Amino acid sequence: MNICVVGTGYVGLVTGACFAEFGNPVCCVDKDASKVDALNRGEIPIYEPGLEDVVQRNAKAGRLTFSTDLPTAIRDSLVVFIAVGTPQDENGRADLSFVREVAKAVAENLDSYKVVVTKSTVPAGTGKMIREIIEEHQSEEHPFSVASNPEFLREGSALEDFMRPNRVVLGTEDEASAAILRDLYRPLYLIETPIVVTNVVTAELIKYASNAFLATKISFINEIADLCEPLGADVHVVARAMGLDRRIGPKFLHPGPGYGGSCFPKDTRAAVEIGKDHDIDLRIVRAVIEVNDVRVTRMLEKIRIAVGGTLEGKTLALLGLTFKPNTDDLRESPAMAILDGLLAGGARVQAYDPVAIPLVRDEARDGVTYCADEYEAAQGTDGLVLATEWNQFRGLDFARLKDSMSHPLIVDLRNIYEPSRMRERGFDYTGVGR
Ligand code: UDX
96 MNICVVGTGY
106 VGLVTGACFA
116 EFGNPVCCVD
126 KDASKVDALN
136 RGEIPIYEPG
146 LEDVVQRNAK
156 AGRLTFSTDL
166 PTAIRDSLVV
176 FIAVGTPQDE
186 NGRADLSFVR
196 EVAKAVAENL
206 DSYKVVVTKS
216 TVPAGTGKMI
226 REIIEEHQSE
236 EHPFSVASNP
246 EFLREGSALE
256 DFMRPNRVVL
266 GTEDEASAAI
276 LRDLYRPLYL
286 IETPIVVTNV
296 VTAELIKYAS
306 NAFLATKISF
316 INEIADLCEP
326 LGADVHVVAR
336 AMGLDRRIGP
346 KFLHPGPGYG
356 GSCFPKDTRA
366 AVEIGKDHDI
376 DLRIVRAVIE
386 VNDVRVTRML
396 EKIRIAVGGT
406 LEGKTLALLG
416 LTFKPNTDDL
426 RESPAMAILD
436 GLLAGGARVQ
446 AYDPVAIPLV
456 RDEARDGVTY
466 CADEYEAAQG
476 TDGLVLATEW
486 NQFRGLDFAR
496 LKDSMSHPLI
506 VDLRNIYEPS
516 RMRERGFDYT
526 GVGR
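Counting from 1 along the sequence shown, just add 95 to a position and that's the residue number in my numbering.
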């Protein structure tokens with residue numbers, strides 16, 4: 096089945112490569128010619144483990160092509176996936192201008208029946224808007240279907256999440272498009288992936304409700320962690336015992352500097368705006384955002400206290416800059432906000448991150464030194480802040496680390512170290528909620 100995927104970002108590139116992997120001819124379209132040229136050279140513009148192999152293998156097999164020619168790609172396809180950015184605008188609403196552009200291009204190139212599917216996270220009601228745009232601008236009278244197939248890809252495990260999803264959600268307006276999309280996902284049938292088929296607006300809302308709930312779990316455990324500290328309770332044990340209740344589950348109960356990335360911050364704010372549009376106040380989601388918005392400030396306070404009361408004149412190591420491990424994404428990264436907060440507080444920072452330093456090195460930031468590894472970052476510092484839980488930070492040579500630091504102090508914002516072990520090693524250890 097000929098597929099066109101519009102947008103070659105985190106979602107579009109993974110979607111296109113995986114549909115090609117299922118054997119479909121796929122054309123990935125982007126308006127950025129330099130990005131398309133790089134992709135045609137087999138260069139992947141994002142850090143996503145395993146993606147380069149899948150892209151190169153399918154490009155070599157001729158199933159996966161990259162182009163800037165949207166009209167041709169639309170005409171050649173039965174299914175058009177819209178995987179363009181839906182960034183948030185100044186008041187937290189999802190900016191749908193790129194989605195509208197693609198809908199218009201589909202209308203102008205509708206030379207036969209097509210299924211137009213939103214893959215990007217779009218506000219409930221966007222499918223209706225796409226239908227209106229196509230009906231208004233279509234050059235020839237052809238039937239078409241609009242559908243929603245939200246992505247549930249986590250950065251750093253996007254391929255796994257696409258190939259072994261917990262569920263596939265299909266929001267369709269007619270049986271024809273439902274049959275076509277079911278057919279497209281048939282290769283997943285082998286591993287009995289549940290497929291939820293519903294109407295378009297319900298599918299759009301499932302995405303927001305899922306992400307808002309995941310963000311709720313994070314803000315919830317962060318608040319419980321804050322309560323654990325004065326009580327002397329251990330939030331890890333609380334989370335573990337909570338998670339043993341199968342109604343709660345163990346995932347997404349890790350406290351830390353708050354959620355970042357390009358999804359949770361955007362989707363929670365957009366959800367509140369969608370509610371406002373219909374006079375429904377999503378108070379819980381608003382509270383989740385409020386808790387997350389003060390998280391970095393609380394972490395900076397924790398660090399200030401741990402280093403003796405002031406950041407002024409201190410030299411600190413900062414391990415991790417990305418918003419989570421196994422990605423190079425810095426969007427709304429709490430670690431970057433912590434870096435800027437430490438510098439603003441008068442500290443000098445020696446920062447290390449396994450992949451992100453080339454992406455930030457040229458930004459103007461006085462007082463930061465980017466280091467080649469964890470040990471260089473720790474050299475001569477008054478303390479070390481662990482901000483992003485890259486695996487390589489878990490098994491460091493702590494004796495070497497301790498010897499190189501002026502003060503053997505660790506502020507572990509992701510609780511990846513065992514407090515008693517760290518104290519036995521002679522570190523002054525501070526975690527989150529422990
Ligand atoms: C998320 C959703 O998980 C995914 O389904 C959706 O399609 C896109 O948004 P992603 O943003 O890539 O994926 O990363 P995720 O692993 O969900 O983490 C999001 C943020 O929450 C990160 O900043 C992470 O550090 C933080 N987090 C996650 C916590 O602070 N605690 C947790 O327990 C889990």
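Heads up, the beta-carbon is just placed ideally off N, CA and C, and yes, glycines get one too. Predicted model, so just to flag it, every value in this text is computed and none were measured.
query, result
"Residue range of the beta strand (DSSP E) that includes Ile177", "174-177"
"Gly49 CB to nearest heavy atom of the ligand UDX below 7 Å", "Shown here, the chain extends from 96 to 529; a query on residue 49 therefore has no answer."
"Coil, strand or helix - Leu348 by DSSP", "coil"
"Near the ligand UDX: Thr275 beta-carbon under 7 Å from a heavy atom", "Residue identity check: residue 275 is Ile in the sequence provided, not Thr. Ile275 Cβ: outside cutoff for every heavy atom of the ligand UDX."
"Environment of Gly353 [buried if 16+ CB atoms lie within 10 Å]", "buried"
"Element boundaries [alpha helix (DSSP H), containing Gly478]", "Run containing Gly478: none in the alpha helix (DSSP H); it sits in the beta strand (DSSP E), 478-481."
"C-beta atoms of Val241 and Val263 nearer than 8 Å", "no"
"Collapsed DSSP secondary structure at Ile375 in the structure displayed", "coil"
"Heavy atom of the ligand UDX within 7 Å of Gly403 beta-carbon", "no"
"Three-state secondary structure assigned by DSSP to Cys99", "strand"
"Buried versus exposed, by CB contacts within 10 Å (16 or more), Ala366", "buried"
"Beta-carbon proximity of Arg158 to Asn119, cut-off 8 Å", "yes"
"Neighbour-count burial assignment, Tyr284, 16 or more Cβ in a 10 Å radius", "exposed"
"Own chain residues within Cβ distance below 8 Å of Asp423, not counting five before or after", "Ile141, Tyr142, Thr417, Val450, Ala451, Leu454"
"DSSP state of Thr537 mapped onto helix, strand, coil", "Since the first and last residues shown for the chain are 96 and 529, residue 537 lies out of range."
"Beta-carbon gap between Ala432 and Asp362 smaller than 8 Å", "no"
"Member of Ser428, Val463, Ala189 whose CA lies at the smallest distance from the CA of Arg443", "Val463"
"Nearest-angstrom beta carbon gap, Glu469 and Gly441 [assumed within contact, 8 Å]", "With a Cβ gap of about 24 Å, Gly441 and Glu469 do not count as contacting."
"Collapsed DSSP secondary structure at Leu159 in the structure displayed", "strand"
"Buried/exposed call for His349, threshold 16 Cβ in 10 Å", "buried"
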